[in-house]
Amino acid sequence: MGRPGRRWLLSCITGFAFAFLWLTDPTTSPNNLQVLRKFAFQVSWTTKEILYRLDVGWPNRPEYFTGTTFCVAVDSLSGLVYVAQRGDNIPKVLVFTEDGYFLRSWNYTVDTPHGIFAASTLHEQSVWITDVGSGSYGHTIKKYNSFGDLVQVLGTPGKKGTGLTPLQFDNPAELYVDDTGDIYIVDGDGGLNNRLIKLSQDFMILWLHGERGTGPAKFNIPHSVTVDSAGRVWVADRGNKRIQVFDKDTGEWLGAWNNCFTEEGPSSVRFTPDGKYVIVAQLNLSRVLLVAAPPVGSIGNCSVINTIQLADQVLPHLLDVSGKTGAIYVAEIGANLF
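For the sequence shown, the positions run -19 to -1, 1 to 319 when mature numbering (1 follows the signal peptide of the UniProt record, and there is no 0) is used.
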């Protein structure tokens, strides 16, 4: 950051002029104090480029953010956005519509949230939270319904560990639940473990990679995980400054990207709804990258298409992408509060 001025790309969409944010100077950013940003997805009719603009009106009531925002999950099926924040005597989970209207909040059995994921079907709305707290609810992964009622607990509440029978966690960072109900967990935000674990929908371990190191299928702070439509698991291996890729069914290591992350490792990874682009957050650089996704059968090298530069010290931690609109929601842990 730190570059003077700002650069905007203008495109005429259905007769209206929109400003699409590529690079914004922190002193002039209209949303500089926001703690969770929404970047609306657009496509230029003239250039066919994928563009994003900062939605300065999201959320409708920003005063509900009273803590430090760590993660966000979009339930595109129900049109809901779940935001988890940290702080004393505050609601830990806030629920908004995708349009930014506040619906409700809850705080039950959540100690210190780190990652959040919405895994809804036509029959069930569920919200999963990784809890890294040291209290009685910490070092667990918990499943809730959309109103905050606790449904399932994975791990040993309040006790960190490395065990597999029973399953234990230490600072579990994030998880992803695919359409079949299988669960992918990255366990190790600086704790005892550096693991990628795949669980079946009945919580049996299907495969895992669990060793600290720099070689293939080894990790140093695995921080975010997602699955693409081609059956590949993508892990933001933050401490090793790379993204590693695995086969969803077998766990086989398929390759890694590191050429895009020489300055800093990725903190979050997601795909656009069409699967053509990977959205990556870099925490300390306060930026979000739009990267071309590789074709099936090839991982290749990372190729950055565009960069969204945020204000200095905003610190984008984890993000999510709406499967319906393509909008990016970015949880920032360094932004000032309103």
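Every residue, glycine too, gets a C-beta built ideally from N, C-alpha and C.
For the candidate residues the options, whose alpha-carbon lies nearest to that of residue i?
i	options	result
Lys305	Ala274, Val16 and Ala21	Ala21
Leu270	Val277, Asp56, Ser279 and Ile286	Ile286
residue 337	Gly162, Trp188, Lys257 and Ala65	No answer is possible for residue 337: the residues shown for the chain start at -19 and end at 319.
Ala273	Ala292, Ile289 and Thr253	Thr253
Glu313	Asp159, Ile164, Thr47 and Thr146	Thr47
Leu58	Asp209, Val76, Val64 and Ala100	Ala100
Ile122	Asp228, Leu156, Gly142 and Phe128	Leu156
Asn221	Gly169, Asn201, Ile164 and Ile289	Asn201
Ser205	Gly171, Gly196, Glu233 and Leu187	Gly171
Gly116	Trp238, Lys141, Phe128 and Ser127	Lys141
Tyr45	Ser86, Pro197, Tyr165 and Phe51	Ser86
Ser210	Gln294, Asp228, Leu148 and Tyr310	Asp228
Ala316	Arg268, Leu145 and Glu233	Arg268
Val214	Gly196, Asn70, Asp159 and Ile186	Asp159
Leu235	Asp255, Asn282 and Thr243	Asn282
Thr143	Leu17, Ser303 and Ile178	Ile178
Val216	Asn88, Leu35, Pro276 and Ala154	Ala154
Phe242	Gly232, Thr288 and Gly212	Thr288
Pro147	Ile186, Gly169, Ser127 and Ala237	Ile186
Tell me which residue opens and which closes the beta strand (DSSP E) that residue i is part of.
i	result
Ala316	It is not in any beta strand (DSSP E) - Ala316 carries neither H nor E in the DSSP assignment.
Glu155	Pro153 to Val158
Lys124	Thr121 to Asn126
Thr137	Per DSSP, Thr137 belongs to no beta strand (DSSP E) and is neither H nor E.
Phe252	Ser249 to Phe252
Ala217	Arg213 to Asp218
Thr207	Pro203 to Val208
Gly236	Trp234 to Trp238
Phe227	Arg223 to Asp228
What whole-angstrom Cβ distance do residue i and residue j have, given they're in contact under 8 Å?
i	j	result
Gly139	Phe150	Incorrect: roughly 11 Å between the Cβ atoms, too far for contact.
Val108	Val91	Not a contact, Cβ separation roughly 10 Å.
Asp218	Ile224	7 Å
Thr78	Leu61	7 Å
Ile97	Val53	7 Å
Asn152	Val113	4 Å
Lys19	Ala292	Their Cβ separation, rounded to whole angstroms, is 15 Å, which puts Lys19 and Ala292 out of contact at 8 Å.
Could you pull out every unbroken beta strand (DSSP E) segment of at least 3 residues lying fully inside the segment 256 to 297, listed in chain order?
258 to 263, 268 to 273 and 285 to 290
In chain order, what are the residue ranges of uninterrupted beta strand (DSSP E) at least 3 long that sit wholly in the segment 40 to 107?
49 to 56, 61 to 67, 74 to 78, 83 to 87 and 94 to 99
Taking one C-beta from the segment 261 to 269 and one from the segment 289 to 299 each time, how about it: are there three or more such pairs within less than 8 Å?
yes
Ordered list of beta strand (DSSP E) runs contained in the segment 142 to 198, each at least 3 residues:
153 to 158, 164 to 168, 176 to 180 and 186 to 190
Touch test, the segment 190 to 197 against the segment 116 to 133, Cβ-Cβ under 8 Å, three pairs minimum:
no
Counting pairs of Cβ atoms below 8 Å between the segment 74 to 90 and the segment 37 to 47, do you hit three or more?
yes
Does the segment 240 to 254 come within contact of the segment 167 to 186, defined as at least 3 CB pairs closer than 8 Å?
No, the segment 240 to 254 is not in contact with the segment 167 to 186.
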